[in-house]
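Worksheet: the structure to be examined is printed underneath.
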Amino acid sequence: MMSRQVLILSYFFVLLTSSLSAQTNTREVRLKINESLSLKDLSPDFELKPKWSVGFRSQILTDSWRQNRLPLSTSHTPEHRQVLLNLWYPAVEHKNMQAHNRYFESDDPYTRSYLQAFDRYRRISLYQETFGTTGFSTNSPIPSNIILNTPQAFDRMVPMLRNAQPADGKFPLVFYHSGSQGGFEENAPLFELLAQQGIAVAAVIGPSEDGEIDSTSRSTELIWDDMNLASAALKQDSHLDLNRVALMGFSSGAQLSLNFALNKGNFAAAVLLDTTYEKQDFNGSPPRIDHLRQKGSASRTPMLVLSEVTGTFGDSDRFRIYNFLKHAPILFVDFGSKVSHDDFAWHGLINRAAQENFDRTGFAEAKQRYVAISKLTLDFLNESFRTSPDWARLSDIANKHLLENVFRRMQKGSSPEVGASELMTILEDENRIQSKLDEQINQGRLSEQRLSHLIQVLRYTESSAKALLLCKVAKNLSSNDRLSCATIALECDDLVNATVFVDSYLAKVKKPKKNARILEKVVYGDAHLLKAMIAKAKLKQR
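According to the numbering used here, the sequence shown is numbered sequentially starting from 6.
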């Protein structure tokens with residue numbers, strides 16, 4: 006029987022993992038929360054001793070089985086689909102060194118024009134993100150500090166050699182998927198770091214179905230086929246170990262990586278940089294709980310989930326899927342409100358550098374966080390590619406790179422709020438739960454918002470049963486919490502309390518259908534759908 010371990014770490018870091026060893030007894034591991042760690046404590050010693058130089062090459066791949074109008078073609082007749090494959094890899098020294106800010110050059114005229122087309126689009130997109138679209142056209146001059154690969158924006162450059170000779174050996178491979186309106190270079194410094202430490206990175210980007218260079222295609226199957234096309238080409242490279250393949254993506258690209266990890270078999274690892282999976286998927290329909298539960302229960306792909314979620318743990322949709330991954334090690338790190346979505350990509354730093362009201366302190370902190378993200382990704386992948394990964398090491402990996410402690414005891418007047426570990430002590434005394442909770446509320450140490458937070462912490466780090474226990478004794482639950490508690494009760498097969506919570510929700514919210522956003526967070530439907538689920542479950546019990 007597979008066991009399940011839970012590690013609670015500082016900086017809102019939760020590791021949910023199942024040991025794949027049949028000999029290990031079920032146990033829970035609780036680590037002491039470090040309440041003194043802060044941003045200034047992050048080690049500035051990011052510079053690792055390079056194991057190899059970094060090689061980079063681009064090539065156009067043609068799929069004769071598929072057709073698309075090509076970006077540079079003047080013909081309206083569909084042509085064979087072509088995609089751009091870029092590869093960062095461990096390399097040996099080369100006389101013709103390629104500077105980091107010159108990715109968009111190539112000896113081949115066709116490849117060069119293709120790269121420059123992507124360069125132009127990305128610069129325009131970044132200009133619009135930074136300065137808005139007023140008075141801007143495709144012919145407008147773009148300020149020099151907007152050029153995507155600006156060395157001044159990130160001063161930890163790694164030597165990169167175009168078309169360099171690969172280093173000896175066989176290296177694991179990471180497939181990277183860019184975000185919407187992103188390009189293959191949006192996380193180039195991270196790719197260079199991985200390559201110099203012995204991990205190759207492949208980024209595939211192709212035109213959408215109508216041939217426009219806007220973002221990666223909105224069809225997951227189209228992108229999967231592009232990835233398979235690239236895999237076939239990379240099989241010719243004897244220096245790549247295609248038995249050790251991981252996925253990585255940013256934003257909607259992270260959503261793609263999650264989709265592939267759940268639906269396309271098991272990979273060595275998946276790194277999700279601020280995923281947007283809770284949004285509509287690339288085929289236009291929102292994910293369904295039943296589908297995610299079914300796929301998640303079968304997946305064994307280890308995942309590193311880095312996020313800028315600012316809400317309480319469990320309130321966000323992007324937490325839902327990870328509760329269904331019963332047999333996959335998961336390392337979740339929430340960087341909180343200090344981090345913007347784009348800070349998980351290289352171009353986020355470029356955007357900050359281009360602002361007229363340049364915040365030097367904020368920019369320095371953003372760079373430091375990008376360093377932490379990069380190092381944490383490297384360490385996670387190194388562990389994942391081991392023959393026998395030691396997932397207990399993840400606690401050490403995370404503790405090296407955490408920025409601050411989100412489970413800190415926030416001051417409320419002179420009384421700190423109840424912490425997760427203190428709450429567990431309260432819940433262990435079942436005879437006095439209610440009186441102890443009332444005592445904390447009267448002392449101002451347990452607000453409604455804090456209670457909501459702790460319900461979700463219990464649900465995801467302890468068990469649904471513990472969370473339901475708190476739901477049942479809590480008073481003045483918000484409408485959102487009532488639906489959450491109804492779902493928790495369903496997870497515990499407690500149909501009586503599930504019905505009580507959904508009825509109390511319907512009584513509190515006069516027009517539940519207008520609260521679609523809240524409802525989607527719980528069941529991707531509405532309270533009446535949850536009611537129907539309860540009724541269906543009752544019928545099965547008869």
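Ideal Cβ placement from N, Cα and C applies to all residues, glycine included.
Taking its Cβ as the centre, do 16 or more other Cβ atoms sit within 10 Å of residue i, making it buried, or is it exposed?
i	result
Ser379	buried
Asn248	exposed
Glu191	buried
Gly258	buried
Gln87	buried
Lys513	exposed
Asn91	buried
Ala350	buried
Val507	buried
Lys471	buried
His105	Here the model assigns His105 a pLDDT of 46, short of 50, so the residue's position is not dependable, and the following value carries that caveat. The residue in question, His105, is buried, as its Cβ has 16 or more Cβ neighbours within 10 Å.
Val338	buried
Val206	buried
Val1	A question about residue 1 goes unanswered here, because the residues of the chain that appear run from 6 up to 547.
Val501	exposed
Ser58	buried
Ser457	buried
Asp499	buried
Ser469	buried
Ala441	Before going further, note that residue 441 is Lys rather than Ala in the sequence given. Lys441 comes out buried.
Lys56	exposed
Lys372	buried
Taking residue i and residue j to be in contact with their CB atoms under 8 Å, please state how far apart those CB atoms are, rounded to whole angstroms.
i	j	result
Ile438	Val478	5 Å
Ser345	Glu313	7 Å
Ala96	Gln170	6 Å
Leu459	Leu475	7 Å
Tyr94	His244	7 Å
Lys175	Trp229	No, Lys175 and Trp229 are not in contact; Cβ-Cβ is about 25 Å, not under 8 Å.
Would you say residue i faces chain C, with C-beta separation under 8 Å as the test?
i	result
Cys476	Judged by its chain identifiers, the structure shown contains no chain C, having just a single protein chain.
So residue i is in the beta strand (DSSP E); what residue range does that whole segment cover?
i	result
Ser183	No beta strand (DSSP E) contains Ser183, which DSSP labels as neither H nor E.
Ala274	Ala274 to Leu278
Locate the alpha helix (DSSP H) running through residue i, then write down its first and last residues.
i	result
Leu267	Ser257 to Asn268
Arg312	The amino acid at residue 312 is misidentified as Arg; the sequence shows Ser. Segment Met308 to Ser312 is the beta strand (DSSP E) holding Ser312; no alpha helix (DSSP H) there.
Glu191	Neither: Glu191 is in no alpha helix (DSSP H) and is coded neither H nor E.
Cys476	Ser469 to Val478
Cys490	Ser484 to Glu496
Thr392	Element bounds for Thr392: n/a, residue is neither H nor E.
Ala512	Leu500 to Lys513
Spatial neighbours of residue i within its chain, please: C-beta separation below 8 Å, excluding the five flanking residues on both sides.
i	result
Ala274	Ala251, Leu252, Thr306, Pro307, Met308, Leu309, Phe385, Leu386, Ser389 and Phe390
Asp395	Glu388
Asp443	none
Please work out which residues of its chain come closer than 6 Å, Cβ to Cβ, to residue i, disregarding the five sequence neighbours upstream and downstream, and give them in chain order.
i	result
Leu234	Leu66 and Asp68
Thr392	none
Pro177	Ile204, Asp246, Arg249 and Phe390
Arg62	Leu92 and Asn168
Leu495	Ala503
Gly184	Phe255, Ser256, Ser257 and Gly258
Val276	Met253, Leu309 and Thr382
His182	Gly254, Gly258, Leu261 and Ser262
Leu278	Phe255, Ala259, Leu311 and Phe349
Cys497	Ser469, Ala470 and Leu473
Phe196	Trp93 and Val206
Gln64	Leu90
Gly316	Bear in mind that the predicted position of Gly316 carries a pLDDT of just 41, short of 50, making it too unreliable to give a figure here.
Going by beta carbon distance, what residues of the same chain come within less than 7 Å of residue i, once the five residues before and after it are set aside?
i	result
Leu383	Leu198, Leu199 and Gln202
Leu482	Cys490
Phe272	Val250, Ala251, Leu252, Ala266 and Thr306
Regarding residue i and the ligand MG, is the C-beta to nearest heavy atom distance less than 7 Å?
i	result
Phe385	Here there are no bound small molecules, and the ligand MG is not part of this structure.
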